[in-house]
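A short worksheet on the structure shown next.
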Amino acid sequence: MTIGKIIDGKGFAATLRAQVAEGVAAFAEKTARKPGLAVVLVGEDPASSVYVRNKGKMTLAAGMESFEFKLPATIGEEELLDLIEELNADERIDGILCQLPLPKHIDEASVIAAIDPAKDVDGFHVVNAGRLATGQETLVPCTPLGCIMLLKDELGDLGGLEAVVIGRSNIVGKPMAQLLLAENCTVTIAHSRTRDIASVVHRADIVVAAVGRAEMVKGEWIKPGATVIDVGINRVVDTEDGKSRIVGDVATAEALAHVRAITPVPGGVGPMTIAVLLRNTLVAAHARAG
Ligand code: GUN
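For what it's worth, the working numbering labels the leading residue of the sequence shown as 99, then goes sequentially.
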């Protein structure tokens, strides 16, 4: 039995960060200022706090300026919108990221809509989502763009391949489908209401799993030789030793017997997201510098 390849997202992300750092140095030389990224965190969700800390560190390591805003979970929507307005007007800031999810009393769509599309390094603003959907150049959501980079590195031209995206979120599933379509794939989006998901997944040359359900995608669903991108980050408690560990949306050990290549969790897509965020911030800085 052949075993598939494990895609080294961690290594790819390190290379991308090094390239961005070079680009940042060249930008600073030319413009006499560093690109700046502002990250807004509302509340103290532990997972979000870890992400935000890592983003800050990596931003500085890439040679950019990092601005962090930690706000209490009780902050009102108006106050948050005021902060976004300040960041929009701040010349030192090229990228604004407001960590999601936000507390229930704040309307996420209103907050995203308040971000200047030119500084929307998450690519969540409807203007940027619309540009992506209509094939225009734009800031693209970090996680799906990272997935496409890994896929193109592994497979080269994706044209004509059958791609199945599992999950239809605005953050991953929908932009992922748009990016695959732009690469000339035949794209299907599967979701919680999809009938016979196993047979839908089985036609795919490319499977992108982004549902947030631990090891939901079984090995036998995968067509032999398919490439699998696992976006899931799920914490599970081991019934034997009681310890918690992180697993993806795909049953990786089973899938390895079927795939051509698969991203591991952790160390696959996760590190790509921050690397692409830094890349998007540099892209936004260049666009703003004209
Ligand atoms: N929460 C989970 N993923 C993301 C992301 O890519 N961007 C933001 N802003 N929040 C998130």
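Yeah, the Cβ is synthetic: ideal placement off N, Cα and C, and Gly gets one too.
Predicted, not measured: the structure shown is a model, and the values here were computed from it.
Backbone secondary structure at residue i - three-state DSSP
i	result
F222	coil
A160	coil
V357	coil
T350	helix
A275	helix
I204	coil
S146	helix
G366	coil
A171	coil
E166	strand
L181	helix
L135	strand
L198	coil
A288	strand
G141	coil
I210	helix
R333	strand
K103	strand
L340	The sequence shown places Gly at residue 340, not Leu. Three-state DSSP puts G340 in coil, outside helix and strand.
G388	coil
Sequence-distant residues of the same chain with beta carbon closer than 6 Å to residue i, five excluded per side
i	result
I342	Per the sequence presented here, residue 342 reads as Ser, with Ile not at that position. Excluding sequence neighbours, S342 sits near R333 and V335.
R301	E260
G221	L237, V238 and P239
A119	A160 and G161
L243	V374
V137	V150, K153, E166 and L195
K103	A359
L278	A261 and V285
C283	L256, L259 and A261
I327	C245, V306 and T361
M156	I372
D218	N226 and L237
R190	G134
D214	N186
Minimum Cβ-Cβ distance from residue i to chain C less than 8 Å
i	result
V118	Checking the listed chains, one finds no chain C in this structure; it contains a single protein chain.
Neighbourhood of residue i by C-beta distance below 7 Å, restricted to the same chain and skipping five residues each side
i	result
V345	A312, E313, N332, V334 and V363
I210	F222 and H223
L158	S164
A123	G161
A216	A382, A385 and R386
I105	L248, E252, A359, I360, T361 and G366
I173	V140
R115	M156, A160, A373 and L376
Ligand 3 heavy atom lying under 7 Å from the CB of residue i
i	result
C240	In the structure shown, ligand 3 is absent; the only ligands present are ligand 1.
Proximal residues to residue i (C-beta, below 8 Å), its chain only, five neighbours per side dropped
i	result
D205	E175
V324	The question names Val, yet the displayed sequence has Ala at residue 324. So the qualifying residues of the chain are A302, D303, I304, V305, H356, V357 and R358.
Worksheet item: Taking three-plus beta-carbon pairs below 8 Å as touching, is the region 244 to 259 in contact with the region 107 to 123?
Response: yes
Fill in: Completely contained beta strand (DSSP E) runs for the region 217 to 269, where each covers 3 or more residues
260 to 264
Worksheet item: Mind pulling the alpha helix (DSSP H) runs of 4 or more residues that sit fully within the region 290 to 329?
Response: 295 to 300
Fill in: Inter-stretch contact at 8 Å, needing at least 3 Cβ pairs: the region 270 to 281 / the region 224 to 236
yes
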